[in-house]
Every structure is written in structure tokens, then in C-alpha cells.
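Asker: Before I ask anything, here is the structure I am working with.
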Amino acid sequence: MGLISILFTRGFIFIFLHSVYGDLSYTVPEETKHQYVIGHLAKDLGIDGKRLSARKARVETEDSAKRYCDINLSSGNLVVAETIDREKICGSRISCIVNYELVLENPLEVHRISLQIEDVNDNSPVFPNDRISFEITESADKGERFPLEEAHDLDIGRNAVQGYSLEKNEHFILSVHENADGGKSATLVLEKELDREKQKDMNLILTAFDGGNPPKSGTAVIHVTVLDANDNIPVFSQPVYRVSLAENTALGTEVITVSATDADEGANGEVTYELSRLSDHSEKIFSLDKITGKITVSANIDYEDEKYFEMRVQAKDGPGLVSSSKIIIDITDINDNEPRIILKSLNDPIPENSVAGTEVAIINVQDKDSGDNRHVHCHIQQDVPFKLSPSIKNYFSLITTSMLDREKESDYNITITATDGGSPPLSTSMTIHLSVSDVNDNPPVFEQQSYTAYVMENNKPGTSISSVTARDPDWRQNGTVLYSLVPSEINGLPVSSFLSINSDTGVIQAVRSFDYEKFRNFKVQVVARDNGSPPLSSNVTVSVFISDENDNSPQILYPAPEGKSLMTEMVPKAALSGSLVSKVIAVDADSGQNAWLSYQIVKSTDPGLFIIGLHSGEIGCSEGHY
């Protein structure tokens, strides 16, 4: 991965490539307009620009800070999203770097983006006071020096104050020198002795200019009152005052008291104090007692907004001689921010057949505090088949720990709790609702292992003879069951010519009228199939039994009449009573009771001579013949 630095100078852009691992660095001037191209992000990452959108590329902040840059997903460029004011972000610090995170998904990648904000000359030098007053004794010697208040320019480097100039006059010249901290200060030097009787006061225009292109400048009026000598300037007890202050310190709390002494007497030795080089933000937070030098807290201090303050304090005696000292206030963090849980992506619903380890969601945990107060531990409260897997930096993946079963649990409410390492610790929770989507993993199951149907012969076509029912615990189309007959043949004919089945209800109907005497039973296979993709099915056997109806007359097989002539049986004259003469044999195509036969003699020339067995059909003599 390459780190790209962009240097802007005199209308030209120079690009330098450096080798790093995963981090990107860019330089951009402040005050650039919206959509200004900072760098070619896709090219620097070695990714096709079209993949940025597919991988949900986005720029994230580590806290609630403003996001000054964004990704143009069409071009793959990193562009300015909001006008950048370097002075508002970094104040007087020389290095102004804003850090972001570039997040890509599928797979998850996080790259650090360091944005170096270059200063442009958008601020003019400003003096603490528009009017600088001196009271100088007329006996002052040539070459006597009078330190002037420094002008302050919110810009830095060459764009900060580079020098001073003084309106041409006959008494004073200007001496400009560099301070130990790199700033420029000026001293008013007496070039020609004053004569109070000729001129008791005068106004000189002092100009401060910066090194911008074009340069900017600011002015102040030096008012000189000629009187008697004041030859000592106030001297601070320390050249630099440094103090630590906890955030959220109560209003009115004393921060520090500065002290300066002046060896002069009377008004020449009376010292007053004044703060300088304050940003607008600092001016609201601290107040100074001009007489005692005590600095107190006047507004809420938030470590997450500002981690330290730097300012100058000036001591001025009665006639106007000044000296200055630096004040550095380091802000210490307290655990006053709860962790934040941010849901970055959620795959909802998740299929029930997802394998263990499937990534369900990505969360980002942030805490604006620092040190142990910022260290956050995450856990899931419930006993659910999910766990949090630490990923890159403060990112966590919510993954499955086992296969899911929608038929047992179709929804989960997963509560994630984040707790920081402060004392006492602070925590926050987030509940993620996750639905389990159905897959077709259950075939229909019949309520019975087999079915038996009975139908009376000579039935009407369309008669319902039975019904089957299968259940499928899957959802919607995966659980919708359709019924059909398995193609087969019965006595050489397709099953569809005998039976039909309602595909929705499973009701089985006869297609034709059955004849018990032709066949008495048969079996068919019913298949229940769901509407899944691919569909699942199961079969069941339905045994159909045809019941007999008494629809056939008995038929006499013996003696079989031939035409219309009568059958003749020869009986011996000496036959004894009860002797078997003949036997009538008859059959009935029906079955059961419908086929039980009984015999009787309907007509006889000699009714008492012969008898017939009621059920056997045997004809015998009732008495002997002689």
C-alpha cells in the first residue's frame, strides 16, 4: 500500500510516494472548495474504482468530529466534503493532522487516512490593542528601547507575522527580532532625543505584516506622551507557567496566579495583567483578574474538545512598559463519556442454513475518553447462538456459533453491552433484532403411514372416497403442500382413469364407476410436494377396496336347460324316501351374503313327491315309488 503526500506551491502540485502498511496520508490546503480532489484513493489502494461502491467504502470519524473529506464513488477520488478552517481545528499548532478511517466491507478492511491541513494566508495580523500608549521622559537617552506588544496572526509559518514597519518620523525607528518561540516582536528605539517643550505627544502608525502571497497586514497607533523617566519593565516570576487541569472543573476554580514585579515606584511600578494570543474558544473558557493575576475557569472544559491550551500573559506598568510570559494548561481526562455502539452493517434476515461462523453484523465501538477510560470490552448478555469476534481496531463482527433452525426460533433480540475501563466504569447497550429466513429443509410429512379407502361398486363418478393430509413446518411457499398421484397402471390402464386428487386439499375422488366383479382392490401412490426451490416431497400408499353390491342374479349351471325343452332325470321305481335324485348347481357373481343361495321348488306336477335342499340344491324323494 502506498502513502501519498501532495505538496502545493505556487500553483504546482508535487506528488511523493512513500511505502507504508495500510495507511494513507494526504495534504490539502485549508479553505478549498467543496469536491476539491485531495487524492486518487482507489488508485492508491490498488482497487478498481467501481469496487468502492460494491464494498460500501466510506470515511468514518473516530468520534463526533466533523468529517471534512468524503469519497466520490464515481471517480474513486478523496474529495473535500466541507470547507476546512485550519485555525478552528488546530489553532496555533504547526502540525495540523486530522485522522479518519476508510472502511471497506466484503471483506472488512480499515485503512487509516491522515489528512495534513496546510495553512493558507486567510488571516491578517492583529494587535491586542488598536492603540499602544507610551509615556516617555524627555530625558530618555538616544537608543533607549521600548518593547511593543506583539501582533498575533492566526496563520502559521510564512503566513504568520514576519515583520513590522513604522511610519517614518524624526524621533523613533523600529527594531524587529525573532523570539525564542519563533514569533516576531518589535521594539521602538529612540533615535533622536525628545523635547517636551516642542512636542509633548505624538502618534505613530505601527504596521505588522505576514509572509503570505499576497501578504496581509494590520496596524496599531503608537501614542507617545513625553514626560519623566520609567526605566524598568515588569518581570515575571517564571518565563513559562505550566499547570494541569481536569476536564469538567467547576466554574470559578482557580487555575493559576501569575506574578510580575516592577522595580519602579508609584505609577511606574504598578503592574496590571492582560491575556494575549487567545483563540476565540480560549477567551470564553478562562478569565484573568487584571489586578491580582489570578486566572479562573469561566466556562465548561471538555477534554474531548481541547486537550491543552497555550496563551500569553502580559504585565504592563503604569506608563505602558510590558513584558510577557507563556502559560500552558494541560487538560486531563476523566471518564465522563459512555461508550457508543454503532451498527455499521446488518445482514437481516439471515438464512437458517447459514454455517457456523457466518458474519451477521459489524459494529464499531467508540469512546471519546482516553487511556483506560477509552478501552472498551463488549459482550452479549443472552444465551444465543451468536458471539462477538474482535476484528480490526475497535470493530467487532457478530457471527453465528451454530446452525440456526427457523422452525424452532424465527427471531432473535441480541443485546450487546459495551463497558469501558474507567473507574467507575461506564457502559451502554444496544439491542439488534435479527430475523431468521426460511429455507426449504423440511419435506411434507403425511399424518398416516398409509391410508385405506373403501368405495361401493356402481358408485357415481366424482364420488369422494378418501383424503390425505401432509404437514410441512417450513414457511410460505416452502411450507405450501400440493398433492398428486404417482403415475402408474391398474389392469393396464393409467391410474388417472380411475382416481383423481385435489392438489390443494388432498381429497381423492373416483373418476369412474367401479365393478366389484371385475376387480376388488388396488393400490396407488400419492406424492405430497412443497413449493420450495428445489421442492421436497414424500409419498404414501393408499389402498382402495371396492365393496360388493347385490347387482347379479343367480345362474343355474346344472341341470342346464337346452333351449325350451325340459331336463329329464331317470328315477328308479323302487327309490327309497330321501334318495338323491339330482342336484341343482347355481352360482352368483356377487360375494358374501350377496352370493349366498337358497333353493326351492316353484312348480311340480306332484308337489309331495320330491323335495329340494334349501342351501344344497339336492333333489330327493319324499316317499318311495312302487
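So the sequence shown is residues -22 to -1, 1 to 604, counted in mature numbering (1 follows the signal peptide of the UniProt record, and there is no 0).
Cβ atoms here follow ideal geometry from the backbone N, Cα and C, with glycine treated the same way.
(1) Helix, strand or coil for His259 per DSSP?
(2) With a cut-off of 8 Å, do at least 3 Cβ pairs link the segment 309 to 326 to the segment 211 to 225?
(3) For Leu412, list the residues DSSP reports as bridge partners.
(4) With a 10 Å radius around its C-beta and 16 neighbouring C-beta atoms as the bar for buried, classify Pro297 as buried or exposed.
(5) State the Cα-Cα distance for the pair Thr203 and Ile110, rounded to the nearest angstrom.
(6) How would you write the range of the beta strand (DSSP E) that Glu113 sits in, first residue to last?
(7) Whose CA, out of Ile377, Pro7, Asn499, lies closest to the CA of Met434?
(8) Give me, in chain order, the residues of the same chain whose beta-carbon lies closer than 8 Å to that of Val199; leave out the 5 immediate sequence neighbours on both sides.
(9) Assuming Leu253 and Val291 make a contact with CB atoms under 8 Å, what is their CB distance in whole Å?
(10) Report the partner residues of His593 according to the DSSP bridge assignment.
(11) Does DSSP put Gly141 in a helix, in a strand, or in coil?
(12) Please report the distance separating the alpha-carbon of Tyr373 from that of His355.
(13) Comparing C-alpha positions only, which one of Val485, Ser475, Val502, Asp419 sits nearest to Thr456?
(14) Quick one: any contact between the segment 342 to 355 and the segment 376 to 387, if contact means 3 or more CB pairs under 8 Å?
(15) Can you find a CB in chain B that lies within less than 8 Å of the CB of Thr441?
(16) Work out the CA separation of Lys21 and Arg123 for me, nearest whole Å.
(17) Could you tell me how far apart the beta carbons of Glu127 and Leu172 are, in whole angstroms, since I believe they sit closer than 8 Å?
(18) Along the chain, where does the alpha helix (DSSP H) that runs through Glu65 open and close?
(19) Let me know the secondary structure DSSP gives Gly586 once reduced to three states.
(20) Using three-state DSSP, classify Leu376 as helix, strand or coil.
(21) Between Ser52, Ile75, His155, Glu38, which has its C-alpha nearest Glu87's C-alpha?
(22) Is it the case that the segment 389 to 396 contacts the segment 469 to 478, given that we only count it when at least three CB pairs across the two stretches are under 8 Å?
(23) On the three-state DSSP scale, how would you describe Asp22?
(24) Identify which residue in Ser332, Phe523, Glu96, Pro512 has its Cα closest to the Cα of Ile134.
(25) How is Tyr(-2) classed by DSSP in three states: helix, strand or coil?
(26) Given a cut-off of 8 Å on the beta-carbon distance, is the pair Pro422 and Asp450 in contact?
(27) Would you mind giving the Cβ-Cβ distance between Asp295 and Asp209, rounded to the nearest angstrom? I have them listed as a contact below 8 Å.
(28) Pick out whichever of Tyr286, Asp493, Lys371 has its Cα sitting closest to the Cα of Tyr78.
(29) How long is the line joining the alpha carbons of Val446 and Lys386, rounded to whole angstroms?
(30) Evaluate Leu592 with the Cβ neighbour count: other Cβ atoms within 10 Å of its Cβ, from every protein chain shown; 16 or more gives buried, anything less gives exposed.
(31) How about the segment 264 to 274 and the segment 56 to 67: do they share at least three Cβ pairs that are nearer than 8 Å?
(32) Considering only the beta carbon of each residue, do Val504 and Asn517 sit closer than 8 Å?
(33) Here's a check: name, in chain order, each residue in its chain whose Cβ is nearer than 6 Å to the Cβ of Met408, leaving out the five neighbours to either side.
(34) To the nearest angstrom, report how far apart Leu51 and Ile410 are at their CA atoms.
(35) If Pro212 and Ala245 are in contact, beta carbons under 8 Å, what's the gap, nearest whole angstrom?
Answerer: Quick look at the numbers:
(1) helix
(2) yes
(3) Tyr390
(4) buried
(5) 11 Å
(6) 109 to 115
(7) Asn499
(8) Asp108, Arg109, Ile110, Asn181, Leu182, Ile183, Leu184
(9) 6 Å
(10) Paired residues: none, contrary to the question.
(11) strand
(12) 11 Å
(13) The sequence shown places Asn at residue 456, rather than the Thr named in the question. Measuring from the Cα of Asn456, the nearest candidate turns out to be Asp419.
(14) no
(15) Of the chains in the structure shown, none is chain B; there is only one protein chain.
(16) 59 Å
(17) Not really, about 21 Å apart at Cβ, beyond 8 Å.
(18) 64 to 68
(19) coil
(20) strand
(21) Glu38
(22) no
(23) helix
(24) Glu96
(25) Confidence in Tyr(-2) is poor, its pLDDT being 37 and thus under 50, which makes the residue's placement too unreliable to answer from.
(26) yes
(27) About 11 Å; that fails the 8 Å criterion.
(28) Lys371
(29) 26 Å
(30) exposed
(31) no
(32) yes
(33) Ile319, Ile394
(34) 29 Å
(35) 13 Å between Cβ atoms; not a contact.
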